Amino acid sequence: MTGLSDHSQAHRPAVSARDFSKASMVFCDDYALLTQKAGGDDESPLFEGWLGLRELSTGINLSTAQMTALSDSDHSAIFPRSLSIVLSLEGRPSEFNPGNGCQTMVLQPGEAAFFSFADDVRTTGRYSRGHRCKSMLIQLRPEVIAEANLADFVDARTRNSEIVPFGTGVRMSALCGQLFNPQLCGTVGCLLVESYTLEVVALAIQAAGREGPDEHSHVRGNDRMRMARIRDLMMSEPGAEHSLTSLAREACVSVSSLKIKFREVYGQSVIAFLHDVRMEKARDGLERDGWTVTQAAHFAGYRHGSNFSTAFQRYFGYSPGQLTRGEIYPHA
């Protein structure tokens, strides 16, 4: 693999102003730290945690961050014509001001958005002391994307500036978790990073393509919170006997309303989301907890191990047996 560089081989306990500036300049044509605590300098720590940066051979820039702000700080940057995918994974809600008179957008954990910039755009952001976040930024510039179809897609999407929010499903969340794995290094690790990142981009394109800004705006406020509660319930208790009726009752909405609003927020049906959760849990059980295929099949809702094995291979691209025999590289 050529053209792949990793600027975060080791986790650092603190991220200084200089670290943040260097990372930002990969994505931006201009970056400035507008405010800083009194007496601070370029080496003063702004955050506790770490900030990872990779420039992939496909022309995609990837940043992974898990940080807690040590002080209040304001930042300004000029983003070039590009398509950026921002994913808020954990922590407090994240605020983004895309400039050009647009309103500040708030992403809750488990939410994401496409930011399409048709021209240079000055953006601003603020981190308040104690703000904790785990997030990911994937940037695609049409002139440097190596794959022709993807380059054409990015070129078309960046002819106009827009913001398209969408929900992160189970598979996308799992892939993001893999991209935070510090053991993904060397030839195999670099290939996996490329693969995982491209799959996240593909899933994001699918999710954003199914729901434009107008459709997404139909689900706001309390309804979005209700859908998030249902998502969290399925993720925390995947083995429970969930049904559309019981989940709708939990959300205090009708079954039809649950089906429509959940799909609008998370880009897939309730049943498909639950299936994703259970398959990911089944893989974890096989890989880490010593489950048999029969146990995993039961957990995933399959009565017969053969049917489960077929569905598992269709979902992941390899069989449960390959996983239990250690023929598959650990996913996290």
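So the sequence shown is residues -12 to 319, counted in this note's numbering.
The beta-carbon is built from N, C-alpha and C at its ideal position, and this holds for glycine as well.
Bear in mind that the values here come from a model prediction, so they are computed numbers and not experimental data.
field: Inter-residue spacing [alpha-carbon to alpha-carbon] between residue 264 and residue 257
entry: 11 Å
- prompt: So, helix, strand or coil for residue 240, using DSSP?
  reply: coil
- prompt: What are the partner residues of residue 163, as DSSP defines its beta bridges?
  reply: DSSP lists no partner for residue 163.
query: Using DSSP with H/G/I as helix, E/B as strand and the rest coil, what is residue 177?
result: helix
Cβ-Cβ separation, residue 14 to residue 137 (assumed contact under 8 Å), whole Å: About 18 Å; that fails the 8 Å criterion.
- prompt: So, using beta-carbon positions, are residue 32 and residue 3 closer together than 8 Å?
  reply: yes
- prompt: In three-state terms, what does DSSP make of residue 202?
  reply: For residue 202, the predicted structure reports a pLDDT of 42, less than 50, and the residue's modelled location is therefore unreliable. A value from the coordinates is still provided. Residue state, collapsed to three classes: helix.
- request: Would you grab the beta carbon distance between residue 103 and residue 148 for me? Rounded to a whole angstrom, and I think it's under 8 Å.
  value: 6 Å
- prompt: Should residue 152 go down as buried or exposed, given a rule of 16 or more other Cβ atoms within 10 Å for buried?
  reply: buried
Chain-order list of residues whose beta-carbon lies under 8 Å from that of residue 314 (same chain, five-residue window excluded): 305
- request: Express the C-alpha separation of residue 119 and residue 218 in angstroms, rounding to a whole number.
  value: 22 Å
- prompt: Run through DSSP, which three-state label would residue 112 get?
  reply: strand
message: Quick test of your reading: residue 68 and residue 105, contact by CB under 8 Å. State the CB separation rounded to the nearest angstrom.
response: 6 Å
task: Kindly confirm or deny that the stretch 269 to 285 and the stretch 229 to 249 touch, where touching means at least three C-beta pairs closer than 8 Å.
output: no
- prompt: Under the rule that 16 or more other beta-carbon atoms within 10 Å means buried, what is residue 189, buried or exposed?
  reply: exposed
- prompt: Would you call the stretch 236 to 254 and the stretch 276 to 289 touching, i.e. three or more CB-CB distances under 8 Å?
  reply: no
Distance between residue 236 and residue 164 (C-alpha atoms, nearest Å): 31 Å
Residue(s) in a DSSP beta bridge with residue 124: 50 and 73
- prompt: Taking the Cβ atom as the reference point for each residue, do residue 179 and residue 171 lie within a distance shorter than 8 Å?
  reply: yes
task: Within its chain, find whatever has a CB closer than 8 Å to the CB of residue -2; leave out the 5 residues flanking it on each side and keep chain order.
output: With a pLDDT of only 42 at residue -2, under 50, the local geometry of the prediction cannot be trusted, and no value is derived from it.
task: Look up residue 305 in the DSSP assignment and say whether it is helix, strand or coil.
output: coil
field: From 275, 9, 278 and 155, residue whose alpha carbon lies closest to that of residue 260
entry: 155
field: Own chain, CB closer than 6 Å to residue 299, minus 5 neighbours either side, in chain order
entry: 307
- prompt: Taking Cβ positions, are residue 221 and residue 252 nearer each other than 8 Å?
  reply: no
Assigned secondary structure, residue 261 (DSSP; H/G/I helix, E/B strand, else coil): helix
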